[in-house]
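Protein chains in written order, with this note's numbering: chain C, 109 to 381; chain D, 476 to 783. Every residue, glycine too, gets a C-beta built ideally from N, C-alpha and C. All values reported here derive from a predicted model rather than from experimental measurement. Reading through the structure tokens given below for one structure.
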Amino acid sequence: MENNKIKELERKAKIIREGILDCIGIDKKGHLGGSMSSADLVTALYFYKMRINPENPDDPERDRFILSKGHSVLAQYAALSELGYFSKSELKRTKEFGSFLQGHPEVRTPGIEANTGSLGQGLSIGVGMALAAKLDSKNYRVYVILGDGELCEGQIWEAITCASFYNLDNLVAIVDYNQMQASGPIKERYNTGDIKAKFEAFGWKAWEIDGHNMTDIIVALDKTEQVKNFPSAIIAYTIKGKGVSFAENNYSFHNNSLTQEQYEQACKDIASI
Amino acid sequence: MKIENLREAYGKELLAVAREDSRVVALDADLCGSTMTIFMEKEMPERFFEMGIAEQNMVSVAAGLSLSGKIPFVNSFSVFAAGQPYNQIRQGVALPNLNVRIIGSSCGLSDAGDGATHQSVEDIAIMRAIPNMAVIVPVDAEETRKVVRASLQHQGPIYIRITRSLLPALTNRHTEFKIGKMLCLAEGLDITVFATGIMVFKALQAREILSKKGISVRVINVSTIKPLNIEEIFKYTKGVKGIVTAEEHSIIGGLGSAVVEALCDMKIPIKIVGIQDQFGQSAGTHEELLEYYGLTAQSIIEKVEALL
Ligand SMILES: Cc1ncc(C[n+]2csc(CCOP(=O)(O)OP(=O)(O)O)c2C)c(N)n1
């Protein structure tokens with residue numbers, strides 16, 4: 109991968125983080141932490157890996173992306189608006205009454221593939237889409253971003269079992285492994301253990317990467333395409349709140365509002381990346 | 476009028492009863508800062524269980540704890556407490572009639588920003604339909620404390636629905652509370668309004684306005700939606716020209732439905748104020764949503780006037 113392509117993706121990631129701040133604004137609660145930690149992964153999917161066409165959002169051949177940790181939708185809204193699915197001016201209306209940018213992803217929003225928000229369901233929906241691709245002999249691939257706290261949900265493990273049973277090599281699960289959940293660090297709250305080993309034990313191919321290193325991310329995404337007969341999992345080590353100094357690794361910004369000062373600081377932090 | 480935080484009242488009272496009764500334990504699914512079980516976790520970490528974001532497991536674990544003599548309080552947002560583990564509640568808790576308390580926090584539309592996935596419009600209906608399950612919606616902070624305390628004496632499972640919004644104090648320390656008992660907050664002769672939760676205060680507001688028009692309205696706080704006190708329903712129905720019910724819940728299966736079921740043999744007109752079979756959505760404030768879905772004093776006034 110050429111250096112300037114990586115640079116371009118990093119520039120996009122910065123735009124996505126700015127978009128997240130647009131969504132959150134001032135004195136408006138929002139899931140800053142998990143959106144910032146997912147930002148580089150979301151960027152690599154939308155601007156590097158996925159074959160999508162904003163002009164034709166329903167193209168049957170398009171790759172699918174499901175944000176199973178739906179609360180991080182601010183990153184997705186930022187990416188979709190950057191791609192032109194809807195106007196950037198909409199971002200500021202996120203979560204306001206009447207806006208089509210709801211608190212959690214809904215299919216009525218252009219570019220959103222599944223309703224999520226109640227944690228634990230997105231990977232199963234991805235399994236359904238991957239099965240449909242096989243049935244219809246289509247080549248599209250399905251990418252699902254999961255939270256590490258979300259991995260506590262039993263349904264995730266039902267989906268993991270199901271995906272390997274059906275040899276879904278067109279399905280990729282990406283764990284945003286920021287090691288935090290809503291109430292604190294997973295190590296103190298509820299540790300789900302060695303995620304990579306668990307995926308492997310359930311019959312998946314799995315890799316661990318730095319989820320803020322664009323080269324790492326795209327190399328891993330490329331590798332998943334070489335795998336035959338197995339679903340792929342990427343465990344992406346990330347930092348909750350990544351890019352916003354006071355929110356990094358700080359779970360009180362899991363879902364919180366920003367004061368005017370904090371908002372300005374956050375904008376400065378992102379600008380200086 | 477004093478405005479109070481029901482979640483905080485719940486969390487503190489849970490800790491208080493846990494101090495007095497060693498059977499009390501709390502379980503939470505990564506929302507202790509919201510459900511306010513954090514007070515219990517801080518003071519009694521050994522009797523607080525962080526269950527991770529795994530509500531189904533949490534409910535069945537509570538069943539096991541209950542079968543071993545504990546009184547588990549299971550906590551999450553109402554959609555995740557009542558909806559996600561529905562069959563774990565049904566089979567594991569309600570069928571054997573266990574003393575598990577399921578706390579549905581941030582109920583109704585009160586988690587305004589998060590939208591439909593986090594707003595419960597049908598939790599009363601699903602919990603009410605399960606045999607053995609009691610359903611209680613405390614009206615204010617004081618009543619929340621009393622519900623927590625009274626729940627220790629109740630045999631069988633209870634679903635307790637708690638709002639995220641601050642609510643005015645409508646009762647005080649001396650107000651009598653019993654599970655299954657209604658509370659007449661204001662007398663009236665023309666119409667009886669049976670209301671629950673946040674709508675009780677709105678009913679009192681409606682009563683004020685109507686009284687200026689010469690219409691006399693009785694306001695009943697129905698915090699125990701199940702078991703519904705049929706005798707009191709009859710008592711408060713006698714002599715009035717009609718009934719209005721009001722709840723922050725779907726018109727399908729909630730308080731309105733329960734009252735209609737109770738009065739189906741009576742010749743009395745009934746109107747229901749509730750959400751018209753719709754999901755919630757995001758908004759900046761809870762009030763904005765209450766307004767949009769017609770959960771207002773004005774809606775109650777219109778229903779009352781339509782009956783006269
Ligand atoms: C079924 C369900 N239970 C609870 C919640 C409330 N909730 C929203 S986000 C969250 C924490 C998520 O943690 P994690 O998956 O690690 O996400 P991240 O830290 O990356 O934001 C919780 C408990 C929910 N949305 N769905």
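Can you check whether the CB of residue j is closer than 7 Å to the CB of residue i?
| i | j | result |
| --- | --- | --- |
| residue 254 (chain C) | residue 146 (chain C) | no |
| residue 693 (chain D) | residue 667 (chain D) | yes |
| residue 733 (chain D) | residue 703 (chain D) | yes |
| residue 289 (chain C) | residue 297 (chain C) | yes |
| residue 199 (chain C) | residue 127 (chain C) | yes |
| residue 343 (chain C) | residue 251 (chain C) | no |
| residue 531 (chain D) | residue 563 (chain D) | yes |
| residue 210 (chain C) | residue 757 (chain D) | yes |
| residue 143 (chain C) | residue 180 (chain C) | yes |
| residue 617 (chain D) | residue 646 (chain D) | yes |
| residue 234 (chain C) | residue 174 (chain C) | yes |
| residue 538 (chain D) | residue 515 (chain D) | no |
| residue 619 (chain D) | residue 484 (chain D) | yes |
| residue 244 (chain C) | residue 336 (chain C) | no |
| residue 749 (chain D) | residue 722 (chain D) | yes |
| residue 157 (chain C) | residue 279 (chain C) | no |
| residue 374 (chain C) | residue 182 (chain C) | no |
| residue 341 (chain C) | residue 309 (chain C) | no |
| residue 347 (chain C) | residue 152 (chain C) | no |
| residue 193 (chain C) | residue 168 (chain C) | no |
| residue 552 (chain D) | residue 535 (chain D) | no |
Count the other C-beta atoms from every protein chain shown that fall within 10 angstroms of the C-beta of residue i, then say buried if there are 16 or more, exposed otherwise.
| i | result |
| --- | --- |
| residue 526 (chain D) | buried |
| residue 592 (chain D) | buried |
| residue 664 (chain D) | exposed |
| residue 478 (chain D) | exposed |
| residue 435 (chain D) | Nothing in the structure corresponds to residue 435 (chain D), since chain D is present only between 476 and 783. |
| residue 496 (chain D) | exposed |
| residue 269 (chain C) | exposed |
| residue 339 (chain C) | buried |
| residue 333 (chain C) | exposed |
| residue 124 (chain C) | buried |
| residue 219 (chain C) | buried |
| residue 206 (chain C) | exposed |
| residue 719 (chain D) | buried |
| residue 799 (chain D) | Since the displayed chain D opens at 476 and closes at 783, residue 799 (chain D) lies outside it and no answer follows. |
| residue 203 (chain C) | buried |
| residue 682 (chain D) | buried |
| residue 215 (chain C) | exposed |
| residue 100 (chain C) | Nothing about residue 100 (chain C) can be reported from this structure: the residues present for chain C run from 109 to 381 only. |
| residue 134 (chain C) | exposed |
| residue 649 (chain D) | exposed |
| residue 549 (chain D) | buried |
Could you say which of the options lies nearest to residue i if we only look at CA atoms?
| i | options | result |
| --- | --- | --- |
| residue 747 (chain D) | D:543, D:724, D:530 | D:724 |
| residue 582 (chain D) | D:674, D:632, D:656 | D:674 |
| residue 510 (chain D) | D:532, D:481, D:563 | D:481 |
| residue 711 (chain D) | D:669, D:573, D:522 | D:669 |
| residue 111 (chain C) | C:321, C:331, C:360 | C:321 |
| residue 575 (chain D) | D:585, D:589, D:552, D:541 | D:541 |
| residue 661 (chain D) | D:533, D:722, D:696, D:727 | D:696 |
| residue 349 (chain C) | C:317, C:148, C:301, C:185 | C:148 |
| residue 716 (chain D) | D:493, D:783, D:627 | D:783 |
| residue 626 (chain D) | D:653, D:604, D:777 | D:653 |
| residue 319 (chain C) | C:113, C:240, C:351 | C:351 |
| residue 190 (chain C) | C:169, C:291, C:168, C:122 | C:122 |
| residue 491 (chain D) | D:623, D:713, D:760 | D:623 |
| residue 606 (chain D) | D:561, D:779, D:644, D:585 | D:561 |
| residue 304 (chain C) | C:274, C:223, C:295, C:345 | C:345 |
| residue 118 (chain C) | C:374, C:323, C:162, C:358 | C:323 |
| residue 241 (chain C) | C:354, C:193, C:223, C:172 | C:172 |
| residue 744 (chain D) | D:580, D:781, D:773 | D:781 |
| residue 184 (chain C) | C:115, C:354, C:212, C:170 | C:212 |
| residue 571 (chain D) | D:632, D:498, D:521, D:550 | D:632 |
| residue 292 (chain C) | C:201, C:356, C:192, C:312 | C:356 |
| residue 713 (chain D) | D:738, D:727, D:764, D:731 | D:738 |
- Message: Below 8 Å, how does it come out for the stretch 369 to 380 of chain C and the stretch 500 to 520 of chain D: are there three or more Cβ pairs, yes or no?
- Response: Of all C-beta pairs linking the stretch 369 to 380 of chain C to the stretch 500 to 520 of chain D, fewer than three are shorter than 8 Å, placing the two stretches out of contact.
- Message: Count Cβ pairs between the stretch 611 to 630 of chain D and the stretch 550 to 566 of chain D that sit closer than 8 Å; are there 3 or more?
- Response: The way I'd put it, the stretch 611 to 630 of chain D doesn't touch the stretch 550 to 566 of chain D; fewer than three beta-carbon pairs between them come closer than 8 Å.
- Message: Ignoring anything shorter than 4 residues, give me the alpha helix (DSSP H) runs that lie fully in the stretch 166 to 221 of chain C, in order along the chain.
- Response: Here the runs fully enclosed are 181 to 191.
- Evaluate contact between the stretch 748 to 758 of chain D and the stretch 584 to 600 of chain D, counting only Cβ atoms and requiring at least three cross-stretch pairs below 8 Å. Flag = yes, the stretch 748 to 758 of chain D and the stretch 584 to 600 of chain D touch.
- Query: Is the stretch 127 to 140 of chain C close to the stretch 361 to 369 of chain C, with three or more CB pairs under 8 Å?
  - Reply: The way I'd put it, the stretch 127 to 140 of chain C does touch the stretch 361 to 369 of chain C; three or more beta-carbon pairs between them come closer than 8 Å.
- Taking only runs of the beta strand (DSSP E) that begin and end inside the stretch 707 to 757 of chain D, which ones reach a length of at least 3 residues, in chain order? Considered as a whole, the stretch 707 to 757 of chain D harbours 717 to 725, 745 to 750 as its complete beta strand (DSSP E) runs of no fewer than 3 residues, in chain order.
- Query: Which parts of the stretch 247 to 289 of chain C are runs of the alpha helix (DSSP H), unbroken and 4 residues or longer, counting only runs that do not cross its ends?
  - Reply: 262 to 273, all fully within the stretch 247 to 289 of chain C.
- alpha helix (DSSP H) runs wholly inside the stretch 478 to 541 of chain D, at least 4 long, in chain order: For the stretch 478 to 541 of chain D, the full-length alpha helix (DSSP H) segments reaching 4 residues or more read 481 to 495, 507 to 510, 513 to 518 along the chain.
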